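Chemist: After the structure tokens below, expect a handful of questions from me.
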Amino acid sequence: MSFDFSQLSFSDFDFSVVKDHLEIFLTVVWLLLSYIIRRFAKRAIRLHPTLEHDKKRQRINSLDNIFNLLLVVGFILIWSSELQNIAISIAAFMVALVLATKEFISCIVGAFYRASTRPYQVGDWVRIANYEGEVTDSDWLSTTLFEVDLKGGSYGYTGRTTVIPNSVLLTHTVQNLNYMRRYVTHTFSISRLTDDVNLFEIKGKILDKIREYSEHFHEVAIRYNSLIEKRLDIKISGPEPKVRITTSPEGYNIFTVSLFCPTEEAMVIEQKVTEDFMNFWFEKRAR
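Residues 1 to 287 (UniProt numbering) make up the sequence shown, in order.
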């Protein structure tokens, strides 16, 4: 039994398979074409009668590099549409990943910012955004503070612990208050209703009392105040106490005291000065 090939025509072939797998077909064709051309080119170089052996090796090596590059470029051109879809899928995945881990990445970046600028270390008193306290721990994701009552003026631990994500360091200011651990410029006010008592007559007596309470640490306060000014290169209040008398729109007389003192003695001195003020005020009023 024989088959007459002359009866075949291109119309008899089913090209749908090739169309459905065009990239694979072109890849196979490109591989075969590259292999055949490379093989004959290498053979022509090896059989060249006038070229030296080293020159032949150099040209064959260059030929391999050129064909490898052309092979890769051909694959990219053949599979460009598929690669584009893969690239879009990868880009969409990366965007989703970044959005899902945005806070985590911000914390890591904040940790690098902290490590490079070193605004604080464990044991420092700091103010980060609206949080104040002593740094007890700091890692790649967060900073832990033991809350200190700075706003209330007692400068003692409140017993609360605050965990601040490092991402906050990128969007808020960080203040190092470590100098306040030993000495602090403590300011407090005493308000009284407007009456017949002249508070300026009390001012001098209160200043004398403050100097009396500050006598045992006055020399140390001067040295520490000077040390802070040199380290920060700024002028700070102290070490001499100050008293300011003002009035409020509601009709109150406000007696404001500011003194530079050891942090642990600030509340004790405040209570003593407040008691002295009340005694002087009642004495003046009773006359």
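Think of the CB as a built atom: it goes at the ideal place given N, C-alpha and C, for glycine as much as any other residue.
Here the structure is a predicted model, which is why all the values come from computation and not from measurement.
1) Applying the 10 Å Cβ sphere with the 16-neighbour rule, what's the burial state of K235?
2) Straight-line CA distance for T144 to V163?
3) Measure from the alpha carbon of F188 to the alpha carbon of each residue in S167, F277, N198 and F25, then state which is nearest.
4) Under a three-way DSSP split, which group does L145 fall into?
5) Which residues in the same chain as T27 place their Cβ atom closer than 8 Å to its Cβ, once the five residues preceding and following it in sequence are excluded?
6) If you follow the beta strand (DSSP E) that G133 is part of, which residue opens it and which one closes it?
7) Can you check which of these residues, P262, S34 and I24, is closest to Y155 by C-alpha distance?
8) Among N279, T171, L259 and P49, which one has its Cα closest to the Cα of V184?
9) Distance, Cα to Cα, S226 vs V243?
10) Output needed for Y252: all residues of its chain with C-beta closer than 6 Å, excluding positions within five of it in sequence on either side, in chain order.
11) Between which two residues does the beta strand (DSSP E) holding H186 run?
12) Can you have a look at F5 and say buried or exposed, based on whether 16 or more other CB atoms are within 10 angstroms of its CB?
13) Look up L259 in the DSSP assignment and give the residues it is bridged to.
14) Give me the Cα-Cα distance between V174 and S81, rounded to the nearest whole angstrom.
15) Going by the CB atoms, is the gap between T247 and T256 shorter than 8 Å?
16) Mark V268 as exposed unless 16 or more other C-beta atoms lie within 10 angstroms of its C-beta, in which case mark it buried.
17) How would you call F3, buried or exposed, if buried means at least 16 neighbouring beta carbons within 10 angstroms?
18) Whose C-beta lies closer than 7 Å to the C-beta of K272 among residues of the same chain, with five residues either side of it excluded?
19) By Cβ distance, which residues of its chain are closer than 6 Å to residue 290, with the 5 residues on each side in sequence left out?
20) Does the contact criterion of 3 or more C-beta pairs under 8 Å hold for the region 33–47 versus the region 60–76?
Modeler: Straight from the coordinates:
1) K235 should be labelled exposed.
2) In this structure, the CA atom of T144 is about 4 Å from the CA atom of V163.
3) The residue from S167, F277, N198 and F25 with its alpha-carbon nearest to that of F188 is F277.
4) Reduced to three states, the DSSP call for L145 is strand.
5) Cβ within range, chain order: F75, I78 and W79.
6) That run of the beta strand (DSSP E) goes Y131 to S138.
7) Residue P262 is the option with its Cα nearest to Y155.
8) Here the closest residue by C-alpha is L259.
9) Cα-Cα distance, rounded: 21 Å.
10) Take Y252, set aside five residues on each side of it, and the residues of its chain with a beta-carbon closer than 6 Å to its own are S191, in chain order.
11) Unbroken beta strand (DSSP E) run through H186: Y183 to L193.
12) Low confidence applies here, because F5 scores a pLDDT of 49, under 50, leaving its location unreliable; read the following figure in that light. When all chains shown are included, F5 counts as exposed.
13) Bridge pairing for L259: H186 [DSSP].
14) Roughly 51 Å between the two C-alpha positions.
15) The Cβ atoms of T256 and T247 do not sit closer than 8 Å to each other.
16) Exposed, by the Cβ-count rule.
17) In this prediction, F3 scores a pLDDT of 49, lower than 50, which makes its location untrustworthy; no coordinate-derived value is stated.
18) Excluding residues within five positions, the ones whose Cβ falls inside 7 Å are Y213.
19) The displayed coordinates of the chain run from 1 to 287. Any statement about residue 290 would go beyond what the structure contains.
20) In short, these stretches touch, since the Cβ pair count reaches three.
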